[in-house]
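Report on the structure given below.
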Amino acid sequence: MTTEMKLTEENWSLVIRPQRAWWDLRLGELWRYRDLVWLFVWRDFVAYYKQTILGPLWYLIQPILTTGVFTIIFGNIAQLSTDGLPPFLFYLAGNTVWTYFSASLTSTSSTFTSNAGLFGKVYFPRLVIPLSIVFSQIISFGLRFLVFLGFLIYFMASGSDVYPNWWILLMPIHIVIMAGLGLGMGIIVSSLTTKYRDLQQLVGFGAQLLMYATPVIYPLSSITGGWRWLILANPMTPVVETFRLAFLGTSAMSPAYLLYSLAFTFLVLLIGVLIFNRVENNFMDTV
Numbered sequence: 007m008t009t010e011m012k013l014t015e016e017n018w019s020l021v022i023r024p025q026r027a028w029w030d031l032r033l034g035e036l037w038r039y040r041d042l043v044w045l046f047v048w049r050d051f052v053a054y055y056k057q058t059i060l061g062p063l064w065y066l067i068q069p070i071l072t073t074g075v076f077t078i079i080f081g082n083i084a085q086l087s088t089d090g091l092p093p094f095l096f097y098l099a100g101n102t103v104w105t106y107f108s109a110s111l112t113s114t115s116s117t118f119t120s121n122a123g124l125f126g127k128v129y130f131p132r133l134v135i136p137l138s139i140v141f142s143q144i145i146s147f148g149l150r151f152l153v154f155l156g157f158l159i160y161f162m163a164s165g166s167d168v169y170p171n172w173w174i175l176l177m178p179i180h181i182v183i184m185a186g187l188g189l190g191m192g193i194i195v196s197s198l199t200t201k202y203r204d205l206q207q208l209v210g211f212g213a214q215l216l217m218y219a220t221p222v223i224y225p226l227s228s229i230t231g232g233w234r235w236l237i238l239a240n241p242m243t244p245v246v247e248t249f250r251l252a253f254l255g256t257s258a259m260s261p262a263y264l265l266y267s268l269a270f271t272f273l274v275l276l277i278g279v280l281i282f283n284r285v286e287n288n289f290m291d292t293v
């Protein structure tokens, strides 16, 4: 680099170069652009239901309707086991956890294709967009969680055998795992769809299939034989099971399995950020 170029760069607070190393993640930029993250969080949360009649009430209606359908189909018709728990509360617990992960995954998976116009006009750390999606989904999760707590209190007052306990303190770890998995897997798919658009069509379908490999509509205790290893290998299984253990008092899985989910989340998130960092250098040429 010549002396003239060095002097020119010293006059600027940020120099954008076309190529970066795999490990040049520039995570410090995310902190400097934190106000932009919250701006996108507000945009996502407000704009999503802005032109609807019921608005944010859909955050409350959707889990109730979905849980009602699960209760009728899987509880009454299929008569799947719920480990002695009230079916509605059992399905609502699984649905509350799964919806946050699924929504984070499907929303972040379209980061490059959905924001190509914005990315082509102004520079900011591209990771701001998927991060803002995950944070905005936390707000949605909080509203659904309040619905779950409301029904939990109702069933407890009605004398149902549900026993919240000290494992509730693991709730922050649950949120970290769900957010990390959704973000990591989502940005991996988003990075790949810059060249292979058909992957975007498989995300929603794949998320639905993954739900059936997670004990959302059935307890882990009902799975035996050769398929049990597949359910245990799913990093979302410990999250769903220990969430039920914490708030309902029943589970076939030890909270120690959350360590596996944390390790899996870290690995997926690391791979996702590295691939995302690599693709954002030239994605405008392919998206």
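One point on numbering: in the working numbering, the residue at position 217 of the sequence shown is 223, and numbering is uninterrupted. Ideal placement from N, C-alpha and C gives every residue a C-beta, glycine not left out. Since the structure is predicted, the reported quantities are computational estimates derived from the model, not experimental observations.
R250 sits buried, since 16 or more C-beta atoms from the chains shown fall within 10 Å of its C-beta. Between A99 and F253 a beta carbon distance of about 6 Å is seen, short of the 8 Å cut, so the two are scored as contacting. Nearest Cα to L264 within the set F76, L176, L45: L176.
Assigned with DSSP and collapsed to three states, E286 falls in coil, not helix or strand. Taking 8 Å as the upper bound for CB-CB distance, L158 and L95 are in contact here, some 7 Å apart. The beta carbon of L268 lies closer than 8 Å to those of I179, V182, I183 in the same chain, with the five residues before and after it left out. The alpha carbon of Y39 has as its nearest neighbour, out of T77, M217, V134, the alpha carbon of V134. In the structure shown, F130 adopts coil according to DSSP, grouped into three states. Here the alpha carbon of I223 sits roughly 6 Å from the alpha carbon of Y97. Contact between L236 and A219 holds: CB atoms are separated by about 6 Å, below the 8 Å threshold.
If you ignore the 5 residues before and after I70, its C-beta comes within less than 7 Å of the C-beta of V153, all in its own chain and listed in chain order.
Contact between L137 and V43 holds: their C-beta atoms lie close to 6 Å from each other, under 8 Å. Counting only residues of its own chain and dropping the five nearest sequence neighbours on each side, A185 has a CB closer than 6 Å to the CB of V140. Relative to W172, the option among G255, I144, V103 whose CA is nearest is G255. In the three-state DSSP reduction, G90 falls in the coil class, being neither helix nor strand. At a cut-off of 4 residues, the continuous stretches assigned as alpha helix (DSSP H) that sit fully inside the stretch 99-178 are 117-120, 122-125, 134-163. Residue state for T73 is assigned as helix, using DSSP reduced to three classes. The closest CA to that of F51, considering only D167, F282, V274, Q143, is found on Q143.
Taking N101 as reference, the option from I79, S116, T73 with the minimal CA-CA separation is T73.
In the structure shown, I229 adopts coil according to DSSP, grouped into three states.
Y202 sits exposed, since fewer than 16 C-beta atoms from the chains shown fall within 10 Å of its C-beta.
The Cβ atoms of V103 and V246 sit closer than 8 Å to each other. Under the three-state reduction of DSSP output, N82 falls in the helix class. Taking all protein chains in view, the Cβ of I67 is surrounded by fewer than 16 other Cβ atoms within 10 Å, so the residue is classified as exposed. Taking 8 Å as the cut-off, the beta carbon of G192 is found no closer than this to the beta carbon of T271. For V47, the closest alpha carbon among the candidates V209, S146, T230, P131 is that of S146. Around the C-beta of L226, 16 or more other C-beta atoms lie within 10 Å, and the residue is accordingly described as buried. The shortest CA-to-CA distance from S228 to any of P241, T88, F80 is the one to T88. In this structure, the alpha-carbon of E286 lies about 46 Å from that of L86.
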